[in-house]
Amino acid sequence: MLNMADALHKHPEPSNEELQKKIAELEELNRTKNSLLSFAAHQMKAPLGIVKGYATLFREGQYGEVSEKQTEVLRKIEFTADELVDLLANVIDLKKIEEGKMEYEFSKTDLVGLAKDAVDGIKLLAENKKLELALSAPTKNIFVQADPRELKHVIQNLLDNAIKYTPSGFIRVEVKDAGGEAVFSVTDSGMGMSADAKPFLFNEFVRGNQAGGEIKGSGIGLHIAKSIVNAHGGKIWAESDGEGKGSTFFFSLKKA
Ligand SMILES: Nc1ncnc2c1ncn2[C@@H]1O[C@H](COP(=O)(O)OP(=O)(O)OP(=O)(O)O)[C@@H](O)[C@H]1O
Ligand SMILES: [Mg+2]
1 MLNMADALHK HPEPSNEELQ KKIAELEELN RTKNSLLSFA AHQMKAPLGI
51 VKGYATLFRE GQYGEVSEKQ TEVLRKIEFT ADELVDLLAN VIDLKKIEEG
101 KMEYEFSKTD LVGLAKDAVD GIKLLAENKK LELALSAPTK NIFVQADPRE
151 LKHVIQNLLD NAIKYTPSGF IRVEVKDAGG EAVFSVTDSG MGMSADAKPF
201 LFNEFVRGNQ AGGEIKGSGI GLHIAKSIVN AHGGKIWAES DGEGKGSTFF
251 FSLKKA
C-alpha cells in the first residue's frame with residue numbers, strides 16, 4: 001500500500017500554471033453542466049405542465065366521475081408536478097445567479113395581489129396536508145418596485161417551505177403596510193429551527209436539522225429567494241422560537 005509520502009513523491013505538485021489550466025478547464029466544465037441542466041429544466045417545464053393539466057381536468061370530472069380514491073391519487077400527481085416545476089424554476093434561476101446573469105424587469109407591482117395568487121396556488125397542497133391556510137392583507141394594494149415574476153418566485157419558495165416543514169397546524173400569510181415599507185411574512189406551526197441553524201439557512205446548499213430525514217430538498221430555495229430580494233434592495237430573514245415551535249419568514253421592500 002502506498003503511504004502519503006510515496007504518493008506525493010509519485011505525483012509531484014503541479015505547477016502554478018498547470019493548476020490555473022486545470023481550474024479553467026473545470027470552470028468551463030461547470031458552465032457546460034449548468035447550461036445543460038438549465039436547458040433540460042426549460043424543456044421539462046412544458047410537458048410537466050401538460051401532465052398536471054390533465055390530472056386537474058381528470059380530478060375535476062371532465063372525463064367522467066372520479067372516486068374518492070382516484071381524486072386522492074390525482075391530487076398526488078398534481079402535487080408532485082408542482083414540486084417538480086418549482087425545482088426546475090430554481091435550477092434555472094440558480095444558473096443565472098451563479099453567472100451573474102439574472103435579469104430583472106422592474107415595474108410597479110402590487111404585493112397584495114402577488115400574495116393572493118401565491119396563496120391560491122398552494123390551497124390544494126395545504127388541503128392535502130390538512131393545514132389551515134390564511135391570508136391577512138389590507139383591502140387596498142401595496143405597491144413595490146419589483147420584477148413580479150421573480151418576486152412571485154420568492155413567495156413561492158417561502159410558501160413551499162412552510163408547507164413542506166409543517167406536519168400539522170397552520171400557515172398564515174401576511175402582507176403589511178409598515179410606513180415606507182411593505183412587509184411580507186409567512187408563519188407556520190411547523191418544525192421551526194434552532195438559533196444556531198438560522199443564520200445559515202439562506203446559504204447555498206444548506207439544509208437544516210431535518211436534512212437526511214424523509215423531507216426532500218436541495219437547499220437552494222432560500223438562497224435564491226435571498227439573491228432576488230437583495231437585488232430588489234430589500235431584506236429577508238427568519239424568526240423561530242426553536243425546533244418544533246414553528247417559524248416565520250419575512251421579507252421587506254421599500255414601497256413604490
Ligand atoms: N418554514 C420552515 N420551517 C422550518 N425549517 C425551514 C423552513 N423553511 C426552510 N427551513 C430550513 O431551511 C433549509 C433551507 O431551505 P431551502 O428552501 O433553501 O432548501 P430546501 O427546502 O431544503 O430545498 P429546496 O432547494 O428544494 O427548497 C431547509 O432545509 C430547512 O431546514
Ligand atoms: Mg425549500
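In terms of UniProt numbering, the sequence shown opens at residue 1 and continues consecutively.
No residue lacks a Cβ here, since even glycine has one placed at the ideal position from N, Cα and C.
- For Arg172, the uninterrupted beta strand (DSSP E) segment begins and ends at Phe170 to Ala178.
- Contact between Leu158 and Ala225 holds, since their C-beta atoms are separated by about 6 Å, short of 8 Å.
- For Asp110, the beta-bridge partners assigned by DSSP are Phe143.
- Contact between Leu114 and Pro167 is ruled out by a C-beta separation of about 27 Å, above the 8 Å threshold.
- Per DSSP, Asp188 lies in no alpha helix (DSSP H); the unbroken beta strand (DSSP E) holding it starts and ends at Glu181 to Asp188.
- In the DSSP assignment, Ala137 falls outside any alpha helix (DSSP H), carrying neither H nor E.
- Within the model, the alpha-carbon separation for Glu68 versus Glu132 is close to 21 Å.
- In this structure, the CA atom of Glu25 is about 15 Å from the CA atom of Ser35.
- In this structure the stretch 243-250 lies against the stretch 171-191, because at least three pairs of beta carbons, one per stretch, are closer than 8 Å.
- Bounds of the alpha helix (DSSP H) holding Ile77 are Glu68 to Glu98.
- Under the three-state reduction of DSSP, Lys130 is assigned to coil, being neither helix nor strand.
- Lys95 sits buried, since 16 or more C-beta atoms from the chains shown fall within 10 Å of its C-beta.
- In this structure, the C-beta of Gly244 stays at least 6 Å away from each heavy atom of ligand 1.
- Nearest in C-alpha terms to Asn141, of all of Ala162, Val112 and Pro14, is Val112.
- Relative to ligand 1, even the nearest heavy atom lies 6 Å or more away from the CB of Asn34.
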